[in-house]
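Protein chains in written order, with the working numbering: chain A, -11 to 559; chain B, -11 to 559.
Just so you know, even glycine gets a beta-carbon here, dropped at the ideal spot from N, CA and C.
In this text, all values refer to a predicted model and were calculated from it rather than measured experimentally.
Inspection log for the structure reproduced underneath, given as structure tokens.
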């Protein structure tokens, strides 16, 4: 079995002991993508190094621009840099540098050899990256144009589906296809099924046909059925792509002459028991199955203007904090599956957090928008993280405004009523502080603020909470306002937290994941939440079924020359 | 292993050879429920016969009003009869006749001993019944009042959650609880998680707490958290329940003095190769994995008025057809899991179908409403059926109005262009015919008409289809209007259908189920679709995981005295 990540326990004892997967990278180190910007247009060229798989070339070769987690980590990095380092870029052309294919999707040998948890985590990250591309167009004036200059199959076509406009070269052989079902016995699970019908409005019966036809659809028919926006003969290809890019660029509100913010390497120290950045740290308790995360507030007042903030570059607290939190979430999710509970603490001066919040959410500066959207995406990662999230609100904390979202994203929150008498009897008791930032600036995937989702269907309770805006609430008041779950005092605190953690560790990890995935998302669904809820949940089920992952299943048999053998009973 | 249904293939070779599960029953034969009506108020008393389990008392005992499929079949029958046989009933009180519990939910030994497919099918049916109870209040003026006169745990509380008003006896011991996660390592999957947050607006962090606390919540706290509507001391119980029932009844528009329609026993003949009713029949081809279903249109013109129709009782075509189709869907889903493809044909006079449609959908007669709503629920069953549905539209068919919904519910449809030259060269070519009935009278679970869902996001295409209302469309026109998928002629027909069927049989049944569950539901979600999409998909995944269903999993270990052993990795 191939292993993408170290396996502290379980059935992959024979897997090579790999280092933790790192999500930090930069264009100079890319092995699979080229990023080039020319004024308002950037081009992201996929040219996967066959021998550059994350698990090493002995395990699988990334032929035909197929990808693994390592390839997608670079894509994610590029997507992020395009937002921050290239404020002038209005259109990103995604195309292939491989002369045989646009992209063949996730590498099948990689998938077949991955453990269930690795497959699921890989799909989650790839989905988040593609949602981020759509977020760029919808909220940030940076559209993605898929220039499909060869066959796009499976995840390759799903990558195109995540773009805002799809051009397919019309050369009689280049097709778009979703062969997952007929060839592999799994779903087009990287948003494919959902985007076909919900985004591209492909009729369900045509979608059915497309998803069962491994050779896919070419040229005019792909246009007629809505699978692509345009089919272009090779002779006109380059001109037409450039023309469409210019047209898409014209609709953008990105700044013409702003200087980008370089996303300098994150300072990160990782040991077996801790992960530390400048503003974020996590202590890893393997015996208890807990990652104790602390987010620190700014240690200076906010700069007076966004221009001044931009001058601080990647060191600007709001941006630095978000990057670190983002990296930590990805790291823990991928490398520490046995740490099932994350404790979320903050530490710092709430007033300073609000100062930074005001600057970032109260300005129409392009960088302010980018930071706010990045924080929103990062908090959405928390919402779909398959870990129990418990917020601990203690004296010295700064759960205010944007950082209060950490508590609102948590499955439960505990706020100390009073102070720790033995530790610091003179401390100010912990408070939470709601602001306008909590009322819509950082929406969940379903389009609601975490506050709206929390009080879904109970407008009176929502209004009561909103009435507290700007007022620090001590434990009893915060509990009465429904902003925290429990408010134990010093005498009960340690026991209650310990019991909650032990209890969590005693439950079935799968059942917790399923429960959290349901009750975190009260109310409406969006394409994004359907991808993580409906589509992903079905895909995960299929990944677990012998018909896909068993020794005679389609995923394992693919490429062996042997046909899969199916249990024909429908479930 | 306990088996609920015959297993034509698979790993239950040692299971007793049971007869097919029958969904037809009647109050005189109930073993687990008592139905009593008194004017506007009916009482449905659950009093499960411990030794009356479907698989026999040697396999499990239905203690504490726990239930299996057999118990739920009786509940479904009662819910249906309350709609048709008791038009005057405005409120149904659901209560327990067991002196130890209200209801302990699905029987755990039954679940632990069931195959995966049996568990999933069982949950689907129980969910449909509970959705049907909500449909009664929302659309038909018949509210359900849960009179929880003892502890309601797991599926027992979920049964109460499906009611419109929940009263809990306040005796210091009776609780509502969802112990599935802590005790069994599975979810409250019969709508529980979804209804907690989406219907009862229980705050997500409190829902988290409730779902991890096996002992549940009693009395006042259950009211404060929104888990029940009212907690009533024993001394006032009977009076208060009666009072609330009267209040709920006052808001209803059910007729005061209508005579009910007796749901007489369905005439059904079942052999190994066919299932036949009066208007519906299915031929079962086990080699091909196909059930070929034919629905016959009425053989007389519609009666002139609904009163006349009511005089025909259960023989009235619209009602008879719906009952037969409903029973067939349930039978095939439960007893024939290896028949993965259902062919849907109709036969009859389209004009007569429209005549019945007009009577049923154009009248405010209580019976007309009931039949329309029943057909809507039955078509919703098709939408969530894990079989490939292929509509075959041939000369002599009557895919018009309500029966056109069968083709619109299908994953694909084939309409013959022309006639079968060798068979009947003089026949009229097949036509489809759209009417107002297709524009909203029979909504899907997501609230859209099948037509709206089909053309989701493409208003022009929807309008083009609607413009054809009332006009019979031959194959080419129907295909151009997007109402059918393919329109082969006589020369290609047989081969194309054969290939489609063979292809379907060659694919992974699980992947087909997952694909269909996604692309059938373009657009918005509702509580109902979230229960079948998000909640059920996660539950199915968990049912497949060793942490629940493995030999050391929580579901298998429950009651053995041994603790479950979990793989602690989060996925």
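Distance CB(residue i)-CB(residue j) smaller than 9 Å
i: residue 152(A); j: residue 103(A); result: no
i: residue 461(B); j: residue 367(B); result: no
i: residue 536(A); j: residue 499(B); result: yes
i: residue 294(A); j: residue 385(A); result: no
i: residue 559(A); j: residue 95(B); result: no
i: residue 131(B); j: residue 125(B); result: yes
i: residue 120(B); j: residue 76(B); result: no
i: residue 334(B); j: residue 283(B); result: yes
i: residue 93(B); j: residue 58(B); result: no
i: residue 322(B); j: residue 9(B); result: yes
i: residue 80(A); j: residue 147(A); result: no
i: residue 347(B); j: residue 290(B); result: yes
i: residue 199(A); j: residue 168(A); result: yes
Local Cβ density within 10 Å of residue i, reported as buried at 16 or more and exposed below that
i: residue 20(B); result: buried
i: residue 288(B); result: exposed
i: residue 444(B); result: buried
i: residue 550(B); result: exposed
i: residue 396(B); result: buried
i: residue 177(B); result: buried
i: residue 543(B); result: buried
i: residue 414(B); result: exposed
Contact set for residue i: own chain, Cβ-Cβ below 7 Å, skip 5 residues either direction
i: residue 393(B); result: 367, 426, 430, 438
i: residue 39(B); result: 45, 49
i: residue 214(A); result: 188, 189, 190
i: residue 237(B); result: 28, 29, 78, 79
i: residue 129(A); result: 78, 240, 241, 242
Which listed residue (the options) has its alpha carbon closest to that of residue i
i: residue 154(A); options: 220(A), 257(A), 166(A); result: 220(A)
i: residue 260(A); options: 319(A), 204(A), 240(A); result: 319(A)
i: residue 510(A); options: 169(B), 190(B), 278(B), 148(B); result: 190(B)
i: residue 464(B); options: 419(B), 443(B), 436(B), 321(B); result: 419(B)
i: residue 359(B); options: 273(B), 540(B), 313(B); result: 313(B)
i: residue 63(A); options: 84(A), 51(A), 493(A); result: 84(A)
i: residue 381(B); options: 185(B), 267(B), 478(B); result: 478(B)
i: residue 180(A); options: 538(A), 34(A), 73(A), 522(A); result: 522(A)
i: residue 379(B); options: 201(B), 433(B), 488(B); result: 488(B)
Reduced DSSP secondary structure (H/G/I, E/B, other) of residue i
i: residue 374(B); result: coil
i: residue 267(B); result: coil
i: residue 479(A); result: helix
i: residue 447(B); result: helix
i: residue 293(B); result: coil
i: residue 15(B); result: helix
i: residue 108(A); result: helix
i: residue 218(A); result: strand
i: residue 288(B); result: coil
i: residue 93(A); result: strand
i: residue 551(B); result: coil
i: residue 238(B); result: helix
i: residue 390(A); result: helix
i: residue 64(A); result: helix
i: residue 196(B); result: helix
i: residue 432(B); result: coil
Own chain residues within Cβ distance below 6 Å of residue i, not counting five before or after
i: residue 24(B); result: 31
i: residue 364(B); result: 430
i: residue 11(A); result: 61, 315, 318
i: residue 476(A); result: 484
i: residue -4(A); result: Unreliable placement is indicated for residue -4(A), whose pLDDT of 37 sits below 50; the coordinate value is still reported in the next sentence. If we look at residue -4(A) and ignore the five residues flanking it on each side, its Cβ neighbours are 326.
Distance cut-off 8 Å: residue i Cβ against heavy atoms of the ligand FMN
i: residue 235(B); result: Of ligands this structure carries none, so the ligand FMN is not represented either.
Residues of its chain near residue i, where Cβ-Cβ distance is below 8 Å and the 5 sequence neighbours each way are ignored
i: residue -2(A); result: Its pLDDT being 36, under 50, residue -2(A) is placed unreliably by the model, and nothing is read from it.
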